[in-house]
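Protein chains: 2
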Amino acid sequence: MYFPSWLSQLYKGLSRPIRRTTQPIWCSLYRRLVQSSQRRNPEFNSFAVRTNTCGELRSSHLGQEVTLCGWIQYRRQNTFLVLRDFHGLVQVVIPQDESAASVKKILCEAPVESVVRVSGTVISRPAGQENPKMPTGEIEIKVKTAELLNACKKLPFEIKDFMKKTEALRLQYRYLDLRSFQMQYNLRLRSQMVMKMREYLCNLHGFVDIETPTLFKRTPGGAKEFLVPSREPGKFYSLPQSPQQFKQLLMVGGLDRYFQVARCYRDEGSRPDRQPEFTQIDIEMSFVDQTGIQSLIEGLLQYSWPNDKDPVVVPFPTVTFTEALATYGTDKPDTRFGMKIIDISDVFRNTEIGFLQDALSKPHGTVKAICIPEGAKYLKRKDIESIRKFAADHFNQEILPVFLNANRNWNSPVANFIMESQRLELIRLMDTQEEDVVLLTAGEHNKACSLLGKLRLECADLLETRGMVLRDPTLFSFLWVVDFPLFLPKEENPRELESAHHPFTAPHPSDIHLLYTEPKKARSQHYDLVLNGNEIGGGSIRIHNAELQRYILATLLKEDVKMLSHLLQALDYGAPPHGGIALGLDRLICLVTGSPSIRDVIAFPKSFRGHDLMSNAPDSIPPEELKPYHIRVSWPTDSKAERAH
Amino acid sequence: MYFPSWLSQLYKGLSRPIRRTTQPIWCSLYRRLVQSSQRRNPEFNSFAVRTNTCGELRSSHLGQEVTLCGWIQYRRQNTFLVLRDFHGLVQVVIPQDESAASVKKILCEAPVESVVRVSGTVISRPAGQENPKMPTGEIEIKVKTAELLNACKKLPFEIKDFMKKTEALRLQYRYLDLRSFQMQYNLRLRSQMVMKMREYLCNLHGFVDIETPTLFKRTPGGAKEFLVPSREPGKFYSLPQSPQQFKQLLMVGGLDRYFQVARCYRDEGSRPDRQPEFTQIDIEMSFVDQTGIQSLIEGLLQYSWPNDKDPVVVPFPTVTFTEALATYGTDKPDTRFGMKIIDISDVFRNTEIGFLQDALSKPHGTVKAICIPEGAKYLKRKDIESIRKFAADHFNQEILPVFLNANRNWNSPVANFIMESQRLELIRLMDTQEEDVVLLTAGEHNKACSLLGKLRLECADLLETRGMVLRDPTLFSFLWVVDFPLFLPKEENPRELESAHHPFTAPHPSDIHLLYTEPKKARSQHYDLVLNGNEIGGGSIRIHNAELQRYILATLLKEDVKMLSHLLQALDYGAPPHGGIALGLDRLICLVTGSPSIRDVIAFPKSFRGHDLMSNAPDSIPPEELKPYHIRVSWPTDSKAERAH
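Protein chains in written order, with numbering that gives the first Met the number 0: chain Z, 0 to 644; chain U, 0 to 644.
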C-alpha cells in the first residue's frame with residue numbers, strides 16, 4: 000500500500016517538482032531519524048569503503064570528492080541515474096565523453112536494483128534543474144569511476160507494484176520489502192525507541208538488564224507453550240510465554256531492579272496478527288507499589304517517545320475495570336473519542352415497552368445507550384439493520400435505535416412508545432444533538448455494556464469510513480485500567496476459579512479478607528496499560544508471602560504446587576515485596592508507526608499460520624535427526640494416506 | 000570460593016578494623032559501578048518506598064530522616080543489626096528503651112536474611128567506633144519504626160558456608176546465590192558493558208538493533224540444532240545456532256548496519272562450560288572490508304571496557320593462522336606470556352640423534368622447541384616424566400628435555416648426543432638463561448607445533464601453581480588471528496571438503512583462483528578475536544556473489560542448495576558486499592570479571608548436563624500435551640524397563 004506511494008513520489012520527484020504530499024517519502028527519513036535521536040548524529044560512514052551516504056549530500060559538500068555505494072533506483076535516458084541507500088537518494092550524472100566509456104557502460108547496463116560504487120565530485124545542478132522536494136536536490140554527482148559491486152537479476156515483479164502484491168509475496172521476498180521506506184523507517188524507529196528505553200531504565204534509574212533462559216520447564220496450565228525435546232527420553236524443555244518466574248526470582252535474589260527486552264513464545268496455532276515469538280519490555284522492581292510502577296512506565300514512554308510525534312502527556316488517566324466496562328463495555332477502552340455508554344435505566348422505570356420492563360425486573364437489569372454523533376447523517380438504514388442483526392446474533396439482545404427526529408425511527412415501532420418526557424430526559428442525559436442517533440439496549444449490566452462497547456467501536460469505524468473525523472490520527476491516548484478481579488470462574492466449570500491474569504498477582508490490600516470468604520469478589524493489584532483501545536502492557540504487584548501464594552495455588556486454584564515448589568521455596572527465604580510490568584513491544588511500535596499489522600514492525604515475521612514464507616520454516620526433519628531426542632512423528636491417519644501418494 | 004571471602008570480611012569489618020585485603024567486598028561495589036558508568040549516577044530510589052539505599056549513606060546524610068529496605072545480614076547481641084541491599088551495608092542500632100519495645104522485638108526476632116523496612120535518623124557512630132573499611136562506617140541509623148516485610152525461614156545451610164558447598168547447591172538455590180557480592184557484581188557489570196556497547200553501535204555509529212527469529216528452519220548440517228515441533232505433522236522449527244542467514248538478508252535488505260544481542264542455541268549434549276543457550280553480540284555491515292570490522296570491534300571494546308580495569312590498547316596485534324600455529328601451536332594463542340615455539344631444525348641438520356634424523360628426513364619434518372623459564376628451578380623430575388608421557392600418549396611424539404646444566408638431563412640419555420656447538424646455537428636461538436629448560440620435539444610441522452602448544456599452556460599452569468608470576472592477572476591481551484584456510488578435509492572422509500567456519504565465508508581476494516584448482520589451499524577472509532588464549536569472537540567478509548556461493552555450496556561442499564535457495568536468490572537480487580562478526584558475550588564477561596566459569600556470569604545457567612537445577616527443567620510432559628505436535632516419545636528399551644518399576 001505505502002510502497003508505491005513513496006516510491007512513485009520518488010520517481011516523479013527527481014527532476015521536476017511534485018505536489019505536496021503527506022505520505023512519508025525518502026527525503027524525510029533522515030530528518031526524522033536525526034530529530035528523534037535527540038540531536039545525536041551517528042557517524043554512518045565509519046569503517047566503510049564510502050566517504051558519504053547518498054542521502055546526506057548538500058550544497059555544503061560542493062566540490063568534494065566523494066565515494067558512494069548504493070542501489071540503482073532509477074535511470075533516465077542513459078544520462079542520469081538515481082542512487083539509493085538507507086539514508087536517501089542522490090542524482091548521479093552518467094558521463095557522456097569518450098574517455099569515460101567504461102564508466103558509462105557500467106552505469107547504463109547495470110539493471111535497476113544493482114549495487115554500484117561511484118566516485119566523483121559533488122557539483123551544482125544546472126540552474127532551473129534543482130529539486131526542492133529532494134534533500135539532495137541542489138546537487139548531483141559528476142562521476143569519475145564506477146564499479147559494479149553486484150548485478151541484480153530480473154526481479155520477480157516490478158518493484159513499483161510490489162506493495163500492491165499480496166502480503167505473502169512481500170514475506171517471501173522480505174529482503175526486497177525491507178528496502179522500502181516504510182520498513183526502513185519502522186525498524187529504525189523501533190531500534191531507537193528501544194535504545195531510549197534502555198537509557199531511561201539502565202542509565203537513569205539503575206535497572207539491570209538481565210537475560211533469562213528460554214529453555215525452561217513447563218508452567219502449570221502452560222498449554223500454549225512450545226516444546227523442545229531434550230536428549231533425555233521423555234524430557235522436554237518449554238519455551239516460556241514470559242520470564243515471569245525468573246523476574247520474581249531475581250527480586251528474591253536482591254537484584255532490586257530488573258529489565259529485559261525479552262523474547263517470548265506462545266503457540267496459539269493460527270491467529271491473525273499474532274506471532275509465535277514476540278518481544279516484551281519486561282520489568283520488575285522491589286519495594287514498589289502500583290503507583291510506583293505506573294510512574295516508572297509513564298516516564299519511560301515519555302522519555303522514549305519519538306520526537307516526530309506529539310509529546311506524551313503524563314500522568315495517564317486511570318479507570319477501574321468496573322468503570323471501564325460500564326463506560327466503554329471493554330477493559331481496553333479507546334479513549335480517543337466519546338460515545339460513552341450511559342445508564343438510562345431510571346428514564347424507563349415506568350415504561351410500557353415490554354422488553355425494557357422485562358430487563359429492568361431482572362437482577363442486574365439495566366437499560367443502556369450510546370449516542371452516535373451525526374448518526375442520522377452518516378448511518379444508512381442498512382447499517383442500523385446490520386447493527387440490530389449483530390446484536391441479535393452475537394448477544395441475543397435487542398437494539399433500539401432512537402432518532403431525535405421521530406419520523407426516522409426506522410424499523411423500531413417500539414420507539415413510538417417512548418414518551419415525550421422520556422425522550423427529553425434521554426436528550427439531557429445523553430447530551431444528544433439534532434442529527435445524533437441513540438442506540439439503546441436493555442438487559443443484564445455486563446452483557447448490555449459488552450454489546451454497546453462493540454457497537455461503539457463498530458460505529459466509530461463506520462462513521463470514519465463515511466468521512467467523519469472521529470479519532471485524530473496523531474493522537475495517542477494512554478489509559479491505565481486497574482482494580483481487576485483477582486479470579487474469574489473457569490470457562491469449562493464456572494464453579495471453580497482461575498486467575499484473571501496469573502496466580503502470582505497480589506490481591507488488593509483492602510480485599511485480602513475476601514480470599515477466605517468470597518474470593519470471587521476480591522480485586523487484584525493488576526494494572527493494564529491501554530493505548531488507543533489496544534492493551535499494550537500489563538503487570539501487577541506480586542505475592543511475596545509464601546503462605547498466601549500456597550493458599551491461592553493449592554486451595555483456591557487447585558493447582559499442583561509441586562511444579563512451582565522452587566518459587567514457593569524462594570518466597571520462604573526472604574523475598575522482598577515486588578511488582579512489575581511487561582509492555583508488548585511489537586504492538587506498541589505498530590501503533591506508534593501507524594502500521595496496519597505487527598508484521599510491519601518485525602524484520603522477519605511469520606505468516607498467520609506460523610510459517611516463514613521466505614525460508615519455508617517449519618520444515619521436515621529426517622527421522623534419524625529425531626532419534627537423539629527420542630521422539631517419533633505420529634502421522635495423522637489421513638495424512639498417512641497423503642504421504643503414500 | 001569468593002562468597003566467604005567478602006562475606007567474612009563484612010562480618011569481621013563491622014565494628015573493628017580489618018586487615019587490608021585484595022578480595023572484592025561490598026564496600027567497593029558501588030564505587031566500581033559508579034566509576035564504570037562514566038560518572039552517570041542512576042537514581043536508585045526513584046519509584047520505590049525507600050528514601051535511600053543502604054550503601055549510599057555517609058556523614059553528609061547526618062540528621063536526615065531515612066527509610067531503608069533490606070535484608071538482615073547480621074545481628075550482634077541484640078544491639079546492632081546490619082542491613083544489606085544490592086548497594087551495600089549499613090549499621091542499624093536496635094533501640095533499647097521501653098517505648099520502642101515493638102521495634103526492638105521485630106528487629107531482634109526476625110531471622111537473618113529476613114526483609115525489613117526501617118525508618119529513622121542518620122547519626123554519627125560513637126567516637127572510636129567508626130569503621131574506615133566500610134563506606135557507611137562513619138554513620139549508623141537510629142531506628143524509629145520498623146516493619147517485617149517478609150520473614151526468612153531457616154536456610155538449608157549456613158549462608159557463610161554456601162560458597163563452600165557444591166556448585167549444584169548454588170544452582171539449586173540460585174536466588175540465594177544471586178545475593179552474593181560476586182554475582183551482583185558480575186550481572187551488573189555485564190548489564191553495563193552491554194549498555195555501553197549499544198551506545199557505541201547505535202548512538203555513535205548508526206547501527207540498527209534488529210531482532211531476528213529463533214523459530215527457524217534447520218540449516219544444512221545443522222546437527223546441533225534443537226528442534227521445536229509445530230502443529231503440522233512432521234514439521235519442525237529449529238532453534239538457530241546464530242542469526243547468520245538473517246543478518247546477511249538484512250544487508251540484502253539495505254539495512255546497512257545491523258547488530259543484535261542475540262540468543263543462540265546449540266545442542267552439544269553434555270559439555271562442561273558450555274550452555275545450550277548463549278548470547279552473542281551479533282554484528283553485520285555493508286560496504287566494509289576486514290580492516291573495517293577489526294577497527295569497529297577494537298573501538299567497541301575500548302568504549303565499553305569497564306573503567307575499573309586498565310584501558311584497552313588499540314589496534315590489537317594480528318597474526319595469521321599459519322603464524323599462530325607455528326609460534327603458539329594453536330589458533331587461539333595466549334599472548335600474555337612468551338615461551339614461543341622456535342624452529343630449531345637447522346641446528347640438527349647433521350645430528351646423530353636417530354629420532355631427529357628420522358623426523359627431518361620426512362616431508363614437513365621439523366625439530367621444534369619451547370623454553371620453560373626457570374624450569375630447572377620450578378619443574379620437578381616427575382613433571383618432566385608426565386610431560387613426556389603426555390606427548391607419547393596423546394601425540395605419539397618424543398619430548399627431549401634439555402637443561403643448560405648438562406648434569407640434569409634426567410632420563411634423556413640422547414641429550415648427551417647434543418654437541419656443544421649445537422647446545423650453544425640452541426641457547427642463542429632460544430635465548431635461554433641459566434635455569435631454563437628447553438623442551439624439544441621432532442616431527443611433522445603441525446603435529447610438533449600442536450604438541451608444543453599444549454605443553455606451553457600446561458607448563459605455564461604448572462609454573463604458576465609453583466609460585467611463578469607468569470601472566471599478569473590484570474592484563475587483557477587481545478589478538479586477531481586471520482588468513483584461516485577456507486576449507487578443511489572432512490573428518491569422516493578426508494578427500495571431501497568442509498567449510499573451516501561456515502559456507503558463507505568469502506575467500507581471500509588473492510586466492511579466488513585456487514577455488515578452481517586447489518581449493519584446499521585457499522585462504523578465507525575469516526578472522527577470530529582471541530583474548531588471553533580464548534576465542535571470544537569470529538567473523539568474516541561474506542560471499543555476496545550468488546554464482547560463487549552456488550559453486551562453493553554445490554560443487555565444492557556438495558551441499559543440498561535447495562535448503563538455502565532463499566539465501567542464494569537474495570544474493571541474486573542486489574546483495575551488497577558485506578561482512579560481520581559475533582562476539583561470545585558469556586565468555587567475554589567471564590574473562591573480564593575473572594570468573595572461574597561462564598555459569599558465574601549468567602543469572603540462571605544450566606548445569607553441564609543441560610539441567611536447570613532450580614526448577615528441574617527439562618521435565619516430563621503428559622502424552623496428551625504431545626498430541627497437538629504429532630509426536631510420541633520413543634522410549635529406549637532399557638528405559639522402558641526402568642519405567643515399569
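Heads up, the beta-carbon is just placed ideally off N, CA and C, and yes, glycines get one too.
What residues in its chain sit with their C-beta under 7 Å from that of residue i, if we drop five residues either side in the sequence?
i      : result
Z:H543 : L570, A574, P575, P576, H577
Take residue i as the anchor and find which of the options has the nearest alpha-carbon.
i      : options                        : result
Z:V117 : Z:E129, Z:P125, Z:Q128, Z:K103 : Z:K103
Z:L451 : Z:A459, Z:D460, Z:T440, Z:L461 : Z:T440
U:Y264 : U:V227, U:A545, U:V251         : U:V227
U:R75  : U:S58, U:T66, U:E64, U:E108    : U:E108
U:M562 : Z:G537, Z:P617, Z:V600         : Z:P617
U:F315 : U:Q240, U:G364, U:W479, U:M194 : U:W479
Z:V287 : U:D559, U:E64, U:C68, U:I551   : U:C68
U:L485 : U:G466, U:L454, U:E517         : U:E517
Output needed for residue i: all residues of its chain with C-beta closer than 8 Å, excluding positions within five of it in sequence on either side, in chain order.
i      : result
U:T21  : With a pLDDT of only 36 at U:T21, under 50, the local geometry of the prediction cannot be trusted, and the value read off the model is given with reservation. Taken in chain order, the list of residues that qualify is empty.
U:L590 : F475, L530, N531, N533, I535
Z:N44  : T50, N51, T52
U:K489 : E495, L496, E497
Could you work out which residues of chain U lie near residue i, taking near to mean beta carbons separated by less than 9 Å?
i      : result
Z:K223 : Correct list: empty, because the minimum Cβ distance to chain U is about 10 Å.
Z:P94  : In chain order: nothing, as chain U lies at least about 23 Å away.
Z:S385 : Per Cβ cutoff of 9 Å: no residues; Z:S385 is ~35 Å from chain U at best.
Short of 6 Å in beta carbon distance, which residues of its chain neighbour residue i, apart from the five on each side in sequence? Order them along the chain.
i      : result
U:R646 : Because chain U in this structure spans residues 0 to 644, residue 646 of chain U falls outside the shown range and cannot be described.
Z:A545 : L567, L570, D571
U:L513 : K520, A521
Z:L625 : none
Give the residues of chain Z in contact with residue i, contact being defined as C-beta atoms less than 9 Å apart.
i      : result
U:M194 : R197, E198, C201, N202, D208
U:E42  : L203, H204, G205
Residue i touches chain Z at which residues, Cβ-Cβ below 7 Å?
i      : result
U:S118 : What U:S118 touches in chain Z: nothing, since even the nearest Cβ is about 13 Å away.
U:Y550 : Residues of chain Z passing the Cβ test: none, with the nearest at roughly 16 Å.
Could you list which residues in chain U have their beta carbon closer than 8 Å to that of residue i, in chain order?
i      : result
Z:C68  : S285, F286, P575
Z:N149 : H543, N544, L570, G573, A574, P575, P576
Z:S420 : Ordered by position in chain U, no residue passes the 8 Å Cβ test against Z:S420, which lies about 53 Å from the chain.
Z:D84  : G253, D255
Z:F46  : H204, M284, V287, G291, I292, S294, L295
Answer yes or no: the CB of residue i versus the heavy atoms of the ligand ATP, is any distance below 7 Å?
i      : result
U:L299 : For the structure depicted, the ligand ATP is absent and the ligand set is empty, with no information on it obtainable.
For residue i, return the contacting residues in chain Z, with the cut-off set at a CB-CB distance below 8 Å.
i      : result
U:L186 : V207, I209, L254
U:E112 : Y572, G573
So with CB distances below 7 Å, who are the chain U contacts of residue i?
i      : result
Z:R262 : T213, R262
The segment 616-637 of chain U: which residues have C-beta closer than 9 Å to a C-beta of chain Z, in chain order?
-> Of all residues in the segment 616-637 of chain U, A616, P617, D618, S619, I620, E624, L625, K626, P627, Y628, H629, I630, R631, V632, S633, W634, P635 have a Cβ within less than 9 Å of some Cβ in chain Z.
Note down, in chain order, all residues in the segment 214-246 of chain U with a beta-carbon under 8 Å from any beta-carbon belonging to chain Z.
-> Shown in chain order are the members of the segment 214-246 of chain U whose Cβ falls below 8 Å from a Cβ of chain Z: L214, F215, K216, R217, A222, F225, L226, V227, P228, S229, R230, E231, P232, G233, K234, F235, Y236, S237, L238, Q244, F245.
3-residue-minimum beta strand (DSSP E) runs that sit fully inside the segment 356-439 of chain Z, ordered along the chain | Segments of the beta strand (DSSP E) lying fully in the segment 356-439 of chain Z: 364-371, 399-402.
Give the residues from the segment 583-617 of chain U that approach chain Z closer than 7 Å (Cβ to any Cβ), ordered along the chain.
-> Result list: A602, F603, G609, D611, M613, S614, N615, A616, P617.
Residues within the segment 562-580 of chain U neighbouring chain Z, beta-carbon criterion of under 7 Å = Against chain Z - using a Cβ distance shorter than 7 Å - the residues of the segment 562-580 of chain U are H565, A569, D571, Y572, G573, A574, P575, P576.
Which runs of the alpha helix (DSSP H) spanning at least 4 residues fall entirely within the segment 528-584 of chain Z, listed in chain order?
-> Fully contained in the segment 528-584 of chain Z are the following alpha helix (DSSP H) runs of length 4 or more, in chain order: 545-549, 564-571.
Could you name the residues of the segment 265-289 of chain Z whose beta carbon sits closer than 8 Å to any beta carbon of chain U, in the order they occur along the chain?
-> Taking 8 Å as the Cβ-Cβ cut-off against chain U, the residues of the segment 265-289 of chain Z that qualify are D266, G268, P275, E276, T278, M284, S285, F286, V287, D288.
Listed in chain order, which residues of the segment 519-536 of chain U have Cβ atoms closer than 8 Å to some Cβ of chain Z?
-> Close to chain Z, meaning a Cβ-Cβ distance shorter than 8 Å, is no residue of the segment 519-536 of chain U at all.
Please list the residues of the segment 452-465 of chain U that have a C-beta atom closer than 8 Å to any C-beta atom in chain Z, keeping them in chain order.
-> Answer in chain order: no residues at all.
Can you give me, in chain order, the residues of the segment 323-336 of chain U that have a beta carbon less than 7 Å from any beta carbon in chain Z?
-> Hits within the stretch: zero.
When Cβ atoms are compared, which residues of the segment 165-176 of chain U fall closer than 9 Å to chain Z?
-> Within the segment 165-176 of chain U, contact with chain Z at the beta-carbon level (separation under 9 Å) is assigned to Q171, Y172, R173, Y174, L175, D176.
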